[in-house]
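**Q**
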Amino acid sequence: MRNKIKITAPGRIHVNLFDMSNSGYRQNGGIGFCIAGVDTVIEFVACENFKVTDNRAIGYSDREVDALINFLDHLYASCAYVQKFTITFLSGPAPHSGFGTGTSTRLACVEAAFCFNNVDADIKQVVLASGRGGTSGVGVNTYFNGGMSIDLGVKSTGIPLAPSSARQGPSTMPTQIMSLPLPISWEIGIIVAPKAYRVSAEEEINFFNRTCPVDPLSVQQSIYHALSGMACSAIESDFDTFCSAVNATQGTEWKEAEWRAQVDILTDLREFLHETGAKCVGLSSLGPAIYFMADDIDAVFASLNLADDYWLTKCLPNNSGRILEID
């Protein structure tokens, strides 16, 4: 019998969403990549009832804890599972920061449920049970495999555009067209400003409602920058072109709307980063995490001279995905 499971789920940078136009062949899709050192570490221990303990500096609200337990209760009822567990967040970034912690937490909980109840499930079964991946496959794909993921979402069927957290769950997996490792020497700087705006699940739904649909031409631009720009330059280890494509992506209609949803301090920080040597600057999802790349990350950090309450870190790509330890 399995007594304890520990899952180290890496963070991810969500660069952009694609077809939010409501008039194309596809819906949704996106590009993003997995990073090392911004991990959510969760320990699961077998017990009679679900219980959540959150030791992160900024963790889940009571409402979010209730929602997670409610999700597990429904999963267990539908699958007739018996063995429950405690959930302890040992460490990790704050939720709603742009690192995909909501998706990785759901996936980790489903993996734990399957393991404790001796269910031999493949990746597709875990993803479908999690209810995530309905908007972009970046989070679900990088969770398992790391690297950079590009998917074109699902066939357009007229379903209203919405974030993954607002969907009941995809009936089919997003069509991933590319998964590739990033050069392991490429460093990524991460900054989270103390007064930046953490967009809640409800606010994210409102953002989608007021932003969609976007111009189909912008969809084409987003996919071009992702494929011809970021993907090809990653394959060729072309750092400068990769950075150019990241910068160009910030000017697409969807990404510009995500920047506008944040506080002005992030726009100012973006400009300051470029002035101090950053070759590219991006906003992960709706933020508030800003990521950047430069020839010398440490020199950029030193030039910024930010206050102590800014969260700064330097990380490398994660090309392997989550770590699962079973005791």
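So the sequence shown is numbered by our numbering: it starts at 10 and just counts up by one. We put the CB at the ideal spot given by N, CA and C, even for glycine.
Cα-Cα, which of G68, Q259, A18 is closest to T112?
**A** Among G68, Q259, A18, the Cα nearest to that of T112 is on A18.
**Q** In whole angstroms, what is the alpha-carbon distance linking M302 and S188?
**A** When rounded, the distance between both Cα atoms is 21 Å.
**Q** Tell me the rounded alpha-carbon separation between F310 and A298.
**A** Going from the Cα of F310 to the Cα of A298 covers about 15 Å.
**Q** Within 10 angstroms of its Cβ, does V208 collect 16 or more other Cβ (buried), or is it exposed?
**A** Flag for V208 reads buried.
**Q** For the stretch 226 to 244 against the stretch 211 to 218, do three or more pairs of beta-carbon atoms, one drawn from each stretch, fall closer than 8 Å, so that the two count as touching?
**A** With a cut-off of 8 Å, the stretch 211 to 218 and the stretch 226 to 244 do not count as touching, because too few Cβ pairs lie within range.
**Q** D277 to F94, Cα distance in whole Å?
**A** Distance between the alpha carbons of D277 and F94 is about 45 Å.
**Q** Residue range of the beta strand (DSSP E) that L189 falls in?
**A** It spans 185 to 189 - the beta strand (DSSP E) in which L189 sits, taken as one unbroken run.
**Q** Helix, strand or coil for W320, going by three-state DSSP, please let me know.
**A** DSSP places W320 in strand when its eight states are reduced to three.
**Q** Can you check whether the CB of F42 is closer than 8 Å to the CB of I14?
**A** Cβ atoms of I14 and F42: not closer than 8 Å.
**Q** Helix or strand or just coil, what does DSSP make of P225?
**A** Three-state DSSP puts P225 in a helix.
**Q** Do you know offhand how far S294's Cα is from N25's?
**A** If I take the Cα positions, the gap works out to 7 Å.
**Q** Going by C-alpha to C-alpha distance, which of M182, A121, A210, I200 sits closest to R331?
**A** Ranking the options by Cα distance to R331, first place goes to A121.
**Q** Threshold first: 3 residues or longer. Then list the beta strand (DSSP E) segments lying entirely within the stretch 83 to 123, N to C.
**A** If we require 3 residues or more, the beta strand (DSSP E) runs fully inside the stretch 83 to 123 come out as 93 to 100.
**Q** Taking 8 Å as the threshold, find out whether the stretch 318 to 330 comes into contact with the stretch 31 to 50 through three or more Cβ pairs.
**A** Verdict: yes, contact present.
**Q** Could you tell me whether the Cβ atoms of G39 and D160 are closer together than 8 Å?
**A** Closer than 8 Å, so yes.
**Q** Look at the alpha carbon of E284 and the alpha carbon of V290, and state the distance between them as a whole number of angstroms.
**A** Rounded to whole angstroms, E284 to V290 spans 11 Å at the Cα level.
**Q** Within a Cβ cutoff of 8 Å, which residues of the same chain sit near K204, ignoring the five residues on either side of it in sequence?
**A** Once the five neighbours on either side are set aside, the close Cβ partners of K204 are V272, I274.
**Q** On the criterion of 16 or more Cβ atoms from any shown chain inside 10 Å, does V91 qualify as buried, or is it exposed?
**A** With fewer than 16 Cβ atoms within 10 Å of its Cβ, V91 is classed as exposed.
**Q** Can you tell me which of D28, R11, I16 puts its alpha carbon nearest to the alpha carbon of Q229?
**A** Of the listed residues, the one whose Cα sits closest to Q229 is D28.
**Q** On a CA-only basis, which of F153, M157, L116 is nearest L137? Give me that one, please.
**A** Considering only alpha carbons, the answer is L116.
**Q** According to DSSP, is L236 part of a helix, a strand, or is it coil?
**A** L236: helix per DSSP, three-state reduction.
**Q** Leaving aside the five residues before and after G155 along the sequence, list all residues of the same chain whose C-beta is less than 7 Å from its C-beta, in chain order.
**A** The answer, listed in chain order, is P19, C43, N327, N328, S329, G330.
**Q** Which value, in whole angstroms, describes the spacing of the CA atoms of E245 and P190?
**A** For E245 and P190, the distance between alpha carbons rounds to 11 Å.
**Q** Quick check on R11: does DSSP put it in helix, strand or coil?
**A** Three-state result, R11: coil.
**Q** Taking the DSSP output, what are the residues bridged to A55?
**A** DSSP output for A55 lists F94 as bridge partner(s).
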